[in-house]
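In what follows, a structure is listed as structure tokens, so that the remarks can point back to it.
Shown next as structure tokens:
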């Protein structure tokens with residue numbers, strides 16, 4: 001009867017045992033639930049890939065500038081000759097740095113120079129990229145050098161299933177950086193000029209990559225924006241350029257060439273271009 | 274419109290409540306960050322940060338939403354209900370950290386305004402699977418922000434209880450948007466069916482408790498009639514001293530209180546936040562709401578000065594030991610002479 005008559009008034013300083021017991025019990029359960037969710041999530045969330053963004057540290061790389069399929073630096077890392085694609089700070093390409101470099105060379109061919117650039121390294125799955133974090137200040141030096149040829153070979157017509165990603169985030173700036181949750185960010189990056197890349201998945205791993213260009217090797221960023229972050233099947237003319245691959249698409253037939261794929265059931269994309 | 278709210282100081286109960294929230298938030302965050310460092314060393318700080326505060330806000334919202342029905346089922350949880358707005362504001366802060374940091378991370382340093390980018394980057398509004406889920410979270414955050422900024426009694430006074438309550442009932446719209454945000458967003462990146470199961474179970478718990486308590490109240494609301502004459506309400510012995518018996522007349526819940534050998538009837542709906550006055554108690558001669566302690570005089574339904582809240586009153590009569598009530602209410606704050614028992 002005494003228990004029944006207990007009454008809680010929040011603006012009073014104290015409360016009867018019935019309510020303090022209720023609070024204690026509720027807090028205990030709430031705390032357990034929070035701990036369970038926090039710890040339990042760790043065991044059910046998808047694992048992360050081992051990518052790397054050397055944030056805060058600037059690295060200098062010396063090599064030959066290439067402009068195809070993307071602005072990059074043909075250089076040596078760990079005794080291996082590689083092409084390091086270059087991107088700008090934020091969600092932008094590094095084209096202003098390329099323009100600055102050309103203007104400093106006073107019209108001479110950029111291929112005749114060895115260039116040293118400073119930036120932040122991005123690495124994943126044996127591939128390296130570099131963010132020219134300081135913009136025009138990223139150009140450290142350049143000097144006359146012998147021409148280094150690019151090795152370009154046709155791989156024929158190919159139909160490839162993969163996801164169009166923004167490579168800057170994908171190779172390490174963000175993790176994870178693919179799929180639906182990263183779609184908007186990837187659209188912003190590619191809209192800002194970062195070259196679109198088709199990442200090919202084998203199971204949970206991405207194992208191969210193709211830069212996507214038009215038939216003459218030009219940018220198609222704007223045309224593929226709404227297909228980013230989705231699994232697509234792309235048909236085009238493939239070629240290898242040094243240690244990268246390129247898939248050249250017919251922009252006029254892009255709607256026919258990009259097929260949306262859900263669970264391997266191909267459906268023709270009807271998006272207007 | 275006059276503004277005459279009186280703030281209640283941070284008393285011991287509020288401090289205990291807030292300490293509980295801080296311990297919960299810190300424990301969750303500590304486990305989440307340390308756990309990722311050990312089990313997922315490749316995860317970036319930004320990802321852990323965004324997921325921590327998103328998941329924390331999501332779990333907190335579920336806890337907040339079940340407090341109401343729990344307090345209806347067992348009055349010992351009224352102590353949790355009393356300061357629920359502290360819990361709500363804390364949850365909003367967690368959700369805001371998640372939202373603001375996500376917008377900065379995914380939409381800033383680009384060629385478009387970050388807020389515009391949330392709505393205009395992914396344009397697949399006609400697809401369920403590809404739907405731009407971030408827009409749903411953004412809209413939910415706006416609702417939660419409105420609720421958090423108007424959670425003080427200052428706004429309750431200025432907006433009036435009906436508008437204020439209506440605004441704060443939008444938490445259910447925010448909840449629906451957040452569920453869709455999670456299902457069409459974060460879950461699409463995951464493969465474990467456990468995550469889908471947990472989200473579904475959480476929704477079932479919130480919806481189930483609300484439906485159960487709602488059904489229970491509907492069953493208790495047996496209408497006594499809409500007659501213009503008196504209708505039988507209950508026996509005097511059915512009402513405990515300083516407590517009330519709730520009855521339904523003319524579509525309204527009415528609380529009949531017994532105190533100091535007298536009976537008085539007032540509308541059951543507390544003008545503060547709609548608390549059930551009939552589950553309250555006479556304290557210091559005043560009907561005291563069980564939710565937040567708002568008080569009304571039983572004989573005229575008016576809050577004692579300087580407060581200005583008032584509720585409708587009802588005419589009672591006693592026949593033998595039977596309490597009869599006139600279903601037609603008097604205007605709010607009308608004095609009605611209490612019926613004396615054992616005349």
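Chains as they are written, first to last, in the working numbering: chain G, 1 to 273; chain X, 274 to 616. Glycine included, C-beta positions come from ideal geometry on N, C-alpha and C.
According to DSSP, which residues form a beta bridge with residue i?
i: residue 484/X; result: Residue 484/X is not bridged to any residue.
i: residue 81/G; result: 76/G
i: residue 519/X; result: 528/X
i: residue 11/G; result: Answer by DSSP bridge pairing: none, since residue 11/G is not bridged.
i: residue 93/G; result: 87/G
i: residue 197/G; result: 165/G, 211/G
i: residue 118/G; result: 60/G
i: residue 598/X; result: 504/X, 589/X
i: residue 555/X; result: 560/X
i: residue 113/G; result: 144/G
i: residue 65/G; result: 73/G
i: residue 473/X; result: Residue 473/X pairs with nothing; no bridge assigned.
Considering just the uninterrupted stretch of the beta strand (DSSP E) at residue i, what are its terminal residues?
i: residue 157/G; result: 152-165
i: residue 128/G; result: 127-131
i: residue 540/X; result: 535-540
i: residue 236/G; result: 231-241
i: residue 247/G; result: 244-249
i: residue 140/G; result: 139-144
Note down, in chain order, each residue of its chain lying with its Cβ closer than 7 Å to the Cβ of residue i, except the 5 sequence neighbours on either side.
i: residue 414/X; result: 368, 369, 372
i: residue 521/X; result: 494, 495, 496, 497
i: residue 560/X; result: 530, 539, 550, 553, 568, 569, 571
i: residue 291/X; result: 359
i: residue 77/G; result: 128
i: residue 422/X; result: none
i: residue 251/G; result: 214, 220, 223
i: residue 565/X; result: 355, 545, 546, 548
i: residue 361/X; result: 337, 420, 421, 424
Please work out which residues of its chain come closer than 6 Å, Cβ to Cβ, to residue i, disregarding the five sequence neighbours upstream and downstream, and give them in chain order.
i: residue 515/X; result: 532, 554, 555
i: residue 397/X; result: 403
i: residue 535/X; result: 611, 613
i: residue 574/X; result: 539, 583, 584, 586, 606
i: residue 71/G; result: 86, 94, 98
i: residue 344/X; result: 350, 351, 354
i: residue 387/X; result: 376, 380, 381
i: residue 53/G; result: 122, 172, 173
i: residue 209/G; result: 197, 199
i: residue 319/X; result: 378
Which same chain residues end up closer than 8 Å to residue i when comparing Cβ atoms and leaving out the 5 residues on each side of it in sequence?
i: residue 240/G; result: 151, 152, 153, 155, 246
i: residue 207/G; result: 125, 200, 201
i: residue 159/G; result: 233, 234, 235
i: residue 314/X; result: none
i: residue 478/X; result: 335, 339
i: residue 401/X; result: 457
i: residue 509/X; result: 531, 536, 591, 594, 595, 596, 614
i: residue 60/G; result: 116, 117, 118, 140
i: residue 157/G; result: 235, 236, 237, 238
i: residue 48/G; result: 175, 176
i: residue 608/X; result: 572, 573, 586
i: residue 69/G; result: 195, 211, 213, 217, 241, 244, 246
In the DSSP assignment, find the unbroken alpha helix (DSSP H) run with residue i in it and report its ends.
i: residue 209/G; result: Element bounds for residue 209/G: not the alpha helix (DSSP H) but the beta strand (DSSP E), 205-214.
i: residue 288/X; result: 285-312
i: residue 189/G; result: 183-191
i: residue 614/X; result: Here residue 614/X belongs to no alpha helix (DSSP H), and DSSP marks it neither H nor E.
i: residue 322/X; result: 318-346
i: residue 228/G; result: Element bounds for residue 228/G: n/a, residue is neither H nor E.
i: residue 387/X; result: 387-393
i: residue 25/G; result: 17-44
i: residue 374/X; result: 357-380
Less than 7 Å between the CB of residue i and some heavy atom of the ligand GTP, yes or no?
i: residue 555/X; result: Annotation note on the ligand GTP: not contained in the displayed structure, which lists no ligands.
Check the Cβ-Cβ distances between residue i and every residue of chain B, and say whether any is below 8 Å.
i: residue 57/G; result: Of the protein chains in this structure, namely G and X, none is chain B.
Item to check | Segment contact flag, the stretch 23-41 of chain G with the stretch 284-300 of chain X, C-beta cutoff 8 Å, min 3 pairs | outcome: yes
Next on the checklist: Pairs of beta-carbons, one from the stretch 107-123 of chain G and one from the stretch 166-174 of chain G, closer than 8 Å: are there three or more?
Outcome noted: yes
Checklist entry - Any contact of the stretch 131-150 of chain G with the stretch 425-440 of chain X, i.e. 3+ C-beta pairs under 8 Å? => result no
Checklist entry - Can we say the stretch 86-103 of chain G touches the stretch 185-198 of chain G, given the rule of at least three CB pairs closer than 8 Å? => result yes
Item to check | Segment contact flag, the stretch 455-475 of chain X with the stretch 169-183 of chain G, C-beta cutoff 8 Å, min 3 pairs | outcome: yes
Checklist entry - Can you list, in chain order, the stretches of the alpha helix (DSSP H) that have 4 or more residues and sit fully within the stretch 400-445 of chain X? => result If we require 4 residues or more, the alpha helix (DSSP H) runs fully inside the stretch 400-445 of chain X come out as 406-422, 426-432, 434-441.
Next on the checklist: Using a Cβ distance threshold of 8 Å, determine whether the stretch 373-384 of chain X contacts the stretch 339-355 of chain X, with at least three qualifying pairs required.
Outcome noted: no
Next on the checklist: Could you check whether the stretch 4-14 of chain G touches the stretch 327-334 of chain X, counting it as contact only if at least three pairs of C-beta atoms, one from each stretch, sit closer than 8 Å?
Outcome noted: no
Checklist entry - Is there contact between the stretch 213-232 of chain G and the stretch 430-443 of chain X, where contact requires at least three CB pairs shorter than 8 Å? => result no
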